[in-house]
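Contents: one structure, followed by commentary.
Protein chains: 2
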Amino acid sequence: MQHAEAMTPPGASTETIPSQRTPRERARARTIADIVRLGRTHLATDGAAALSLRAVARDLGVVSSAVYRYVANRDELLTLLLVDAYDELGDAVDAAVDAVPEDDFAGRFLELGRAVRKWALKEPARYGLLFGSPVPGYQAPAGQTTMPGTRVIFRLVGIINSAWRAGALAQEPGPAVVPSALSADLAAIRTELGLDVPDEVLANGALVWTSLFGAVSFEVFGQYGADTFSARDELFEHHLAVLAGVAGLRS
Amino acid sequence: MQHAEAMTPPGASTETIPSQRTPRERARARTIADIVRLGRTHLATDGAAALSLRAVARDLGVVSSAVYRYVANRDELLTLLLVDAYDELGDAVDAAVDAVPEDDFAGRFLELGRAVRKWALKEPARYGLLFGSPVPGYQAPAGQTTMPGTRVIFRLVGIINSAWRAGALAQEPGPAVVPSALSADLAAIRTELGLDVPDEVLANGALVWTSLFGAVSFEVFGQYGADTFSARDELFEHHLAVLAGVAGLRS
DNA sequence: CGTCGTCAAGAGCACTGCTCTCAAATGTTG
DNA sequence: CAACATTTGAGAGCAGTGCTCTTGACGACG
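From first to last, the protein sequence lines are chains A and B. All the letters of the first sequence, read from the start, carry residue numbers 1 to 251 under the working numbering. All the letters of the second sequence, read from the start, carry residue numbers 252 to 502 under the working numbering.
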């Protein structure tokens, strides 16, 4: 929050990419991209807590203090990597969902879930940065991270909302009454995202959201024992099917 | 795994607590308990990655190298704190569940969920150590952590199994067929834990398990936006009610 | 062509985990 | 009670970390 303003000094930064007018800016952008690329590798290899600016500098073939010309501190590099990972996950989810016909709502949901799991298993450390325990002392600047960080949930509620509009949503009996305070929250979400679904569906959607990431996190973080589940694909498919039912998406 | 053997030097340690025969052992146990206590404070304050043996030594009023007389390394202290936290969570869950009549299966499940959430919100950093992204380079020794680490899930499937035995489990329609490989996993779990529930119920129980911790993790780790949900108690209660339905526990 | 801005390098501070040696305190035992 | 043995704490030291500051060089721009 406070960071967001501090990061846009008055008169500087055009928010959009500066299109690299001078060769200096070109070289600078290239170097920052290299730093992010190397940081991504270290992040994927050793995890977020072990991300070291000095190590990145070594790989860059430069002394440690030189990196500070391009990145203010370790937290800023972490933010860059956070956005980088959110975007990669968002792209993967978008591609998977878009490959399914628009009117196959259940199919789109299943592919969304599979895409999240697939990316998480491929990039466990980066997934951990996004959805694991927060890095101590690091607070993600909301201004830069909320947008890419909400792509998956936006996509999910978008699918549910489209199904609702198409009249393809099976209404579960479920606990009918939604308390007033929660109902106010849901109303705010509904207006902000331009949704039509009633409280019950929206609340269930939130549960499906957290449950999807709960299942993925358990698998990625090794919460299942080493040998408790060997058929993890099938377990996840079962979970997805049940969650589709909770969301009202019958295939 | 490998650690487990290295931690029981031949001829030493009786595995059970040595009951502190000599005053030396008494003093030693007291010091270790102090280290764990101080470590717990640091863990709760600054998170797992920021846990520092030197800081613990300072608080203990002793030079840094002295703590290595009691704890082999940082990872071993982390293991002690891991077990410590698992046990505290397990105790909290046990107390909450035991406060509900044995035949109120849905009520027991709800209290289990509430206890997990309550403890997690009270101890976010320690919860993060248990269920967040794994600490890089640290592998929990299974021999010491699996037992306390499985108390909650054992308790959960115990409730479901008791309800099944009592004929109080509402069978949901759900996706009927459970694939063969997953069925084999579930059979192994069933025999190991002495359960009677069919595949479908057990698989749904696994989903309820991961979903419960998914919902708690989202809240503890701040995955909900800062101001998206203000009525989080009610949201969680709604989730619990739906999950009780998934488990077949109708109240 | 000279000025000015940018950049890399190096030194340095405070912190971390961990190892080693040495001396003191402590408990055990003859 | 005194001698011994074990345990313990202190200190130095190594290698690593984030980060700051100063210095010198290089390149772009007026």
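We put the beta carbon where it would ideally sit given N, CA and C, even for glycine.
- At a cut-off of 7 angstroms, the C-beta of A:Phe154 has no neighbouring C-beta in chain B.
- In the displayed model, A:Ser180 falls within a helix according to three-state DSSP.
- For A:Ala166, the closest Cβ of chain B is not nearer than 7 angstroms.
- Distance from A:Phe221 to A:Gly149 at the Cβ level is roughly 19 angstroms; contact not present, criterion being Cβ atoms closer than 8 angstroms.
- Excluding the 5 residues flanking it on each side, A:Asp196 has same chain C-beta neighbours closer than 7 angstroms at Asn161, Trp164, Arg165, in chain order.
- Taking a Cβ-Cβ cut-off of 8 angstroms, A:His42 has no neighbours in chain B, whose nearest Cβ is about 10 angstroms from it.
- The residue among A:Pro124, A:Val152, A:Asp91 with its C-alpha nearest the C-alpha of A:Phe109 is A:Val152.
- Cβ contact annotation for A:Val246 (same chain, cutoff 8 angstroms, sequence separation greater than five): Glu172, Asn204, Leu207, Val208, Ser211, in chain order.
- B:Ala371 and B:Thr292 have their C-alpha atoms roughly 15 angstroms apart.
- Boundaries of the alpha helix (DSSP H) harbouring A:Thr45: 23-46, taken from the DSSP string.
- The DSSP-derived three-state label of A:Ala163 is helix.
- By the Cβ test, the segment 138-147 of chain A is in contact with the segment 67-84 of chain A, since at least three Cβ pairs between them sit closer than 8 angstroms.
- Taking a Cβ-Cβ cut-off of 9 angstroms, B:Pro399 has no neighbours in chain A, whose nearest Cβ is about 13 angstroms from it.
- The C-beta separation of A:Leu182 from B:His489 comes to about 7 angstroms, placing the pair in contact by the 8 angstroms criterion.
- Among the residues of the segment 198-221 of chain A, those with a Cβ less than 7 angstroms away from any Cβ of chain B are Ala203, Asn204, Ala206, Leu207, Thr210, Ser211, Phe213, Gly214, Ala215, Ser217, Phe218, Phe221, in the order of the chain.
- In this structure the segment 71-80 of chain A touches the segment 28-42 of chain A; the number of beta carbon pairs closer than 8 angstroms is three or more.
- Listed by position along chain A, the residues whose Cβ is nearer than 7 angstroms to that of B:Glu485 are Pro179, Ala181, Leu182.
- If you ignore the 5 residues before and after B:Tyr475, its C-beta comes within less than 8 angstroms of the C-beta of Phe469, Arg483, all in its own chain and listed in chain order.
- With 16 or more other Cβ atoms inside 10 Å of its own Cβ, B:Glu451 counts as buried.
- In the displayed model, A:Arg117 falls within a helix according to three-state DSSP.
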